[in-house]
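Undergrad:
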Amino acid sequence: MLMDANSRGVIRVCVWLQWLGFGHYVHLLRKLSDLRRGSPGQTFSLELHAKKGIYDKVARVWADELNAVVVSVEYGLYPEVQFPEPYLDCLNAAKHFLSAEVLSKYSVDPGRVAVSGDSAGGNLAAAVAQEISQDSSVRVKFSAQALIYPALQALDFNTPSDIQNRVAPILPLRGLVGYWMLYLGSSIQLDTAPLAKHKKNYKPLIADRGLEGILEKVPALLDVRASPLLADSEVLSKCPKAYIMTCEIDVLRDDGLMYAQRLQDAGVQVTSVHYENGFHGCFTIEVKMQFEVNKRAQRDYINWLRDNL
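Heads up: the sequence shown runs through residues 1 to 309, numbered per full-length UniProt numbering.
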């Protein structure tokens with residue numbers, strides 16, 4: 001309870017700072033003032049994240065540690081826009097940066113380009129990676145994707161991780177459902193309270209009762225651009241090798257584990273890293289007494305990108 005209260009307090013402070021103008025997206029790190037003397041062969045990382053203003057520090061660490069050009073996309077957010085606008089923002093940004101002209105401008109090796117994101121950003125990164133891998137008009141493809149506790153589907157909110165972590169701090173199940181409905185443009189209220197009676201039982205995907213006609217009311221539920229986990233195996237087989245991080249204390253845990261398995265089954269090289277003591281948000285959380293899992297997660301992430309780009 002204390003951890004939950006502290007986490008919510010930190011989140012509120014971050015939101016206030018953002019609205020006061022102290023938060024911002026990192027558009028580009030490692031600027032090259034003299035392109036003629038830039039570092040040829042640099043790696044390139046396109047970062048897709050859900051929250052403004054909290055990635056400046058870690059993105060700078062990534063840029064320094066990897067000698068990489070790190071770009072963070074300022075995609076549209078609710079309530080100004082809803083799906084598919086954020087996805088299209090990220091896709092357009094990816095296509096722009098993957099152009100030969102832009103990669104050459106920043107001395108980036110076309111064979112060492114990755115896309116990455118966490119949580120909702122992991123959703124966008126996975127969806128963009130799928131689309132880019134199939135788009136014949138994009139000549140340079142991502143060579144890697146790094147997904148940090150990604151949200152990958154909105155069809156089943158009764159997975160084991162959903163039920164086990166339904167009241168977990170930072171991202172409880174009720175919050176996850178609400179965020180999805182806002183993103184998909186639905187006013188439908190999905191009540192998760194009945195799950196309290198089934199703490200030790202896992203409900204099947206197809207239940208005896210539910211919201212009649214929900215797929216007609218929210219067609220985006222089956223849109224792979226919103227739910228990359230639902231993509232066909234043929235699409236997945238074309239995706240770049242993947243690093244997928246999951247945490248035990250996270251409603252999104254099973255999304256990541258299922259996606260890792262589906263990619264592997266499709267023939268994609270996958271590194272699945274699971275933290276038994278990890279929780280949603282631990283990858284980027286910043287407090288004076290840093291969690292050990294945060295340090296390990298950052299180190300493992302950087303090492304994988306260094307070895308695979």
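Here a beta-carbon is modelled for each residue, glycine too, at the ideal position from N, C-alpha and C. All of these numbers come straight from a predicted model, not from anything done at the bench.
Is it buried or exposed, ASP232, if we count other Cβ atoms within 10 angstroms and call 16 or more buried?
TA: By one-based count along the sequence shown, residue 232 stands at place 232. That one is exposed.
Undergrad: Flag this pair as yes or no: are the beta carbons of SER227 and ILE244 separated by less than 8 Å?
TA: Working through the sequence shown from its first residue, we reach residue 227 at position 227. Working through the sequence shown from its first residue, we reach residue 244 at position 244. The answer is no: Cβ separation not under 8 Å.
Undergrad: Under 8 Å by Cβ, that's how I've got ASN123 and LEU91 pegged, so tell me the actual separation to the nearest angstrom.
TA: In the sequence shown, counting from the first residue as 1, residue 123 sits at position 123. In the sequence shown, counting from the first residue as 1, residue 91 sits at position 91. The pair is not a contact, with the Cβ atoms about 13 Å apart (cut-off 8 Å).
Undergrad: Would VAL73 pass as a contact of ALA59 if the rule is Cβ separation under 8 Å?
TA: By 1-based counting over the sequence shown, the position of residue 73 is 73. By 1-based counting over the sequence shown, the position of residue 59 is 59. It is not a contact, given that the beta carbons lie outside the stated cut-off.
Undergrad: If you draw a straight line from the C-alpha of residue 334 to the C-alpha of VAL235, how long is it?
TA: The question about residue 334 has no answer, for the chain in this structure spans 1 to 309.
Undergrad: Expressed to the nearest angstrom, what Euclidean distance is found between the alpha-carbon atoms of ASP307 and LEU215?
TA: The count along the sequence shown starts at 1 and reaches residue 307 at position 307. The count along the sequence shown starts at 1 and reaches residue 215 at position 215. C-alpha separation (whole angstroms): 42 Å.
Undergrad: Beta-carbon within less than 6 Å of ASP162's beta-carbon, same chain only, minus the 5 sequence neighbours each way: which residues are those?
TA: The residue labelled residue 162 in the question sits at position 162 within the sequence shown. Hits under 6 Å: LEU173 and VAL251.
Undergrad: Does DSSP classify LEU252 as helix, strand or coil?
TA: Here residue 252 refers to the residue found at position 252 of the sequence shown. The answer is coil: DSSP assigns LEU252 none of H, G, I, E or B.
Undergrad: Compute the Euclidean distance between the alpha carbons of THR246 and ALA168, then round it to the nearest angstrom.
TA: Position 246 of the sequence shown holds residue 246. Position 168 of the sequence shown holds residue 168. Between THR246 and ALA168, the C-alpha separation is close to 15 Å.
Undergrad: Considering only heavy atoms of the ligand MG, does any lie closer than 7 Å to the CB of PRO160?
TA: Here there are no bound small molecules, and the ligand MG is not part of this structure.
Undergrad: If you drop the 5 nearest sequence neighbours on each side, which residues of the same chain put their C-beta closer than 6 Å to that of GLY281?
TA: The residue given as residue 281 occupies position 281 in the sequence shown. Taken in chain order, the residues that qualify are ILE170.
Undergrad: Do the segment 262-278 and the segment 296-304 touch if we need at least three Cβ pairs shorter than 8 Å?
TA: yes
Undergrad: Can you check which of these residues, THR159, ASP223, VAL70 and VAL69, is closest to GLU248 by C-alpha distance?
TA: Looking up residue 248 in the sequence shown gives position 248. It is THR159 whose Cα lies nearest to the Cα of GLU248.
Undergrad: In chain order, what residues of the same chain have a beta carbon less than 8 Å from the beta carbon of GLY111, not counting five sequence neighbours either side?
TA: Counting from one through the sequence shown, the residue named residue 111 turns up at place 111. These residues qualify, in order along the chain: SER143.
Undergrad: Kindly list the residues whose CB is nearer than 6 Å to the CB of PRO86, restricted to its own chain and excluding five residues on each side of it in sequence; keep chain order.
TA: To locate residue 86, count along the sequence shown from 1; it is residue 86. So the qualifying residues of the chain are TYR75 and GLY76.
Undergrad: Mapping DSSP to helix, strand and coil, what is GLY111?
TA: Position 111 of the sequence shown holds residue 111. Of the three classes helix, strand and coil, the one that applies to GLY111 here is strand, per DSSP.
Undergrad: Whole angstroms is fine: what's the gap from LEU309's alpha carbon to TRP180's?
TA: Numbered from its first residue, the sequence shown carries residue 309 at position 309. Numbered from its first residue, the sequence shown carries residue 180 at position 180. When rounded, the distance between both Cα atoms is 32 Å.
Undergrad: What's the C-alpha gap between VAL81 and ALA220?
TA: Numbered from 1 along the sequence shown, position 81 holds the residue referred to as residue 81. Numbered from 1 along the sequence shown, position 220 holds the residue referred to as residue 220. Computed Cα separation, rounded: 15 Å.
Undergrad: Mapping the DSSP letters down to three states, classify GLY278 as helix, strand or coil.
TA: For the purposes of this step, residue 278 is taken as the residue at position 278 of the sequence shown. GLY278 falls in the strand class under three-state DSSP.
Undergrad: Give the DSSP bridge partners of ASP118, in chain order.
TA: In the sequence shown, counting from the first residue as 1, residue 118 sits at position 118. According to DSSP, which records beta bridges pairwise, ASP118 is partnered with ILE148.
Undergrad: Cβ of ALA127 within 8 Å of Cβ of LEU147?
TA: For the purposes of this step, residue 127 is taken as the residue at position 127 of the sequence shown. For the purposes of this step, residue 147 is taken as the residue at position 147 of the sequence shown. The answer is no: Cβ separation not under 8 Å.
Undergrad: Pick helix, strand or coil for ILE285, following the three-state DSSP scheme.
TA: Along the sequence shown, read from residue 1 onward, the residue named residue 285 stands at position 285. Residue state, collapsed to three classes: coil.
Undergrad: Per DSSP, which residues does CYS247 bridge with? Please list them.
TA: Here residue 247 refers to the residue found at position 247 when the sequence shown is read from its first residue. Looking at the DSSP assignment, CYS247 forms a beta bridge with TYR275.
Undergrad: On a Cα-Cα basis, can you pick out the residue from ASP254, LYS238, SER186 and CYS239 that is closest to GLY213?
TA: The sequence position of residue 213 within the sequence shown is 213, counting from 1. Residue SER186 is the option with its Cα nearest to GLY213.
Undergrad: Take the Cβ of GLY278 as the centre, count every other Cβ of all protein chains shown within 10 Å, and call the residue buried at 16 or more, exposed below.
TA: Translated into positions along the sequence shown, residue 278 becomes position 278. Looking at its Cβ environment, which holds 16 or more other Cβ atoms inside 10 Å, GLY278 is buried.
Undergrad: Please confirm whether GLN269 and LYS241 have their CB atoms less than 8 Å apart.
TA: Taking the first residue of the sequence shown as position 1, residue 269 is located at position 269. Taking the first residue of the sequence shown as position 1, residue 241 is located at position 241. Against a cut-off of 8 Å, the Cβ pair of LYS241 and GLN269 comes out as a contact.
Undergrad: Suppose contacts are defined by Cβ-Cβ distances below 8 Å. Is SER119 in contact with PRO150 by that definition?
TA: Looking up residue 119 in the sequence shown gives position 119. Looking up residue 150 in the sequence shown gives position 150. Closer than 8 Å, so yes.
Undergrad: Can you give me the C-alpha to C-alpha distance between ALA193 and VAL69, rounded to a whole angstrom?
TA: Indexing the sequence shown from 1 puts residue 193 at position 193. Indexing the sequence shown from 1 puts residue 69 at position 69. For ALA193, the pLDDT reaches just 46, beneath the cut-off of 50, and the residue's location in the model is therefore unreliable, leaving the point undetermined.
Undergrad: Can you tell me which of the three DSSP states LYS241 falls into?
TA: Within the sequence shown, residue 241 is the residue found at index 241, counting from 1. Strand, per DSSP.
Undergrad: Between which two residues does the alpha helix (DSSP H) harbouring ALA100 extend?
TA: For the purposes of this step, residue 100 is identified with residue 100 of the sequence shown, where counting begins at 1. Start and end: 100-105.
Undergrad: When the distance is taken between beta carbons, is GLN145 closer than 8 Å to SER116?
TA: In the sequence shown, residue 116 corresponds to position 116, counting from 1. In the sequence shown, residue 145 corresponds to position 145, counting from 1. Judged by beta-carbon spacing, GLN145 lies within the 8 Å limit of SER116, meaning their Cβ atoms are closer than that value.
Undergrad: According to DSSP, which residues form a beta bridge with VAL270?
TA: Against the sequence shown, residue 270 aligns to sequence position 270. VAL270 pairs with ALA242.
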